[in-house]
Amino acid sequence: TAGGEILVVKDLYKAYGGIVPVRTVSFAISAGKVHALIGPNGAGKTTLLNLLSGHVAPGSGSIRFEGQEIAGWPAHRVASLGIARTFQNLKLFGELSALDNVLLGAHRHIETGFVASLLGLPSSRQAEASARADALALLTDLGLGERAHEPAKGLPYGLQRRLEIARALASKPKLLLLDEPAAGLNPQETHELGEVIRRIQQAGVTVLLIEHHMDLVMGISQHVLVLDYGALIAEGRPEAIRQNPKVIAAYLGAD
Ligand code: ATP
332 TAGGEILVVK
342 DLYKAYGGIV
352 PVRTVSFAIS
362 AGKVHALIGP
372 NGAGKTTLLN
382 LLSGHVAPGS
392 GSIRFEGQEI
402 AGWPAHRVAS
412 LGIARTFQNL
422 KLFGELSALD
432 NVLLGAHRHI
442 ETGFVASLLG
452 LPSSRQAEAS
462 ARADALALLT
472 DLGLGERAHE
482 PAKGLPYGLQ
492 RRLEIARALA
502 SKPKLLLLDE
512 PAAGLNPQET
522 HELGEVIRRI
532 QQAGVTVLLI
542 EHHMDLVMGI
552 SQHVLVLDYG
562 ALIAEGRPEA
572 IRQNPKVIAA
582 YLGAD
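Going letter by letter, the sequence shown gives residues 332 to 586 in the UniProt record's numbering.
Here is the structure:
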């Protein structure tokens, strides 16, 4: 449902002892849009993403994805519904080729084939061939086609980050969560990342990204959420957020 709410978060709360990285946060993610989650270091952005992806269980609150309550679900069940993510630190298999990294990301769509062969199970060559063709097409779409057979660790850092996105997309998610995808990228790579995210949106995938790079946030997102001390202090269109006195005081003013 383009334009409808794909994810609705209500009164989400997470504490670690006396530290409360997420204190009763409520917001909605609209299908088809690019959303940015911004805020100062330690504001709780990664914790919030971890709650959405099932990598951390909430203390309380609700997360509904396409109408289904998923708060507290383990990560693999959340992923199987169509929520994929990347991490702040790369989690690639360096010795494996770019293509094999993508195939590992596609595993929930391959009953047989590559994963089966890794596990020593009988595999269907046809399923494997079609999974490889899909993965190669995805890499080609993201400008990595010519590097598909190179070990991931040999790729320039910017392409490794892009490969992580390719791997997340291989599961054919409806919602893609990106944790600081521009971290460590140079200006040219950051610009290219913006183009990649635009293409992902055009392919119909809803995106939520944590990002400190404000030009990127303002350039590609249609909705910005601002977190400060675990609370949502503002949300709205990027132009409005840029001029919001609360946001300037808490975050943008420090630039
Ligand atoms: P950054 O922009 O620096 O990545 P962030 O906005 O993503 O920051 P979080 O990483 O979510 O912020 O951290 C929010 C707060 O929660 C911090 O004070 C952090 O130390 C604390 N925190 C996060 N995870 C844990 C944990 N597993 N145990 C204890 N405290 C934690």
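Beta carbons are placed, not taken as given, at the ideal position from N, Cα and C, and that holds for glycine. Bear in mind that the values here come from a model prediction, so they are computed numbers and not experimental data.
Query	Result
Where does histidine 554 fall in DSSP's three states?	strand
Indicate whether lysine 505 and glycine 413 have their beta-carbon atoms separated by less than 8 Å.	yes
Rounded to a whole number of angstroms, what is the C-alpha to C-alpha distance between alanine 562 and lysine 422?	29 Å
How about lysine 378: is its Cβ closer than 7 Å to a heavy atom in ligand 1?	A quick correction: the sequence has threonine, not lysine, at residue 378. Yes, the beta carbon of threonine 378 sits closer than 7 Å to at least one heavy atom of ligand 1.
Sort Val557, Ala571, Pro518 and Gly584 by Cα distance to glycine 370 and report the nearest one.	Val557
Could you pull out every residue in the same chain whose Cβ sits closer than 6 Å to the Cβ of valine 387, ignoring the five residues on either side in sequence?	Asn381
What's the C-alpha gap between lysine 484 and proline 576?	43 Å
Among all the DSSP beta bridges, which residues are the ones paired with tyrosine 344?	Ser391
So, helix, strand or coil for valine 578, using DSSP?	helix
If leucine 469 and alanine 501 are in contact, beta carbons under 8 Å, what's the gap, nearest whole angstrom?	6 Å
Looking at valine 356: is its Cβ nearer than 8 Å to the Cβ of leucine 379?	yes
Compute the distance between the beta-carbons of arginine 395 and leucine 435, then report whether it is under 8 Å.	no
How many angstroms separate the CA atom of threonine 417 from the CA atom of valine 527?	14 Å
In the structure shown, what three-state DSSP assignment does isoleucine 528 receive?	helix
Take asparagine 432 and list the residues in its own chain whose beta-carbon comes closer than 7 Å to its own, dropping the five residues that flank it on each side.	Leu423, Phe424, Ala483, Leu494 and Arg498
Mind checking whether the beta-carbon of alanine 483 lies closer than 7 Å to any heavy atom of ligand 1?	no
With 16 as the cutoff for other CB atoms within 10 Å, does leucine 516 come out buried or exposed?	buried
What does the alpha-carbon distance come out to for the pair glycine 390 and leucine 508?	21 Å
Could you work out which residue in Ile564, Tyr560, Gln491 and Val555 is closest to asparagine 420 when comparing CA atoms only?	Gln491
Closest to aspartate 472 by CA distance: which of Gly567, Val578 and Ala534 is it?	Ala534
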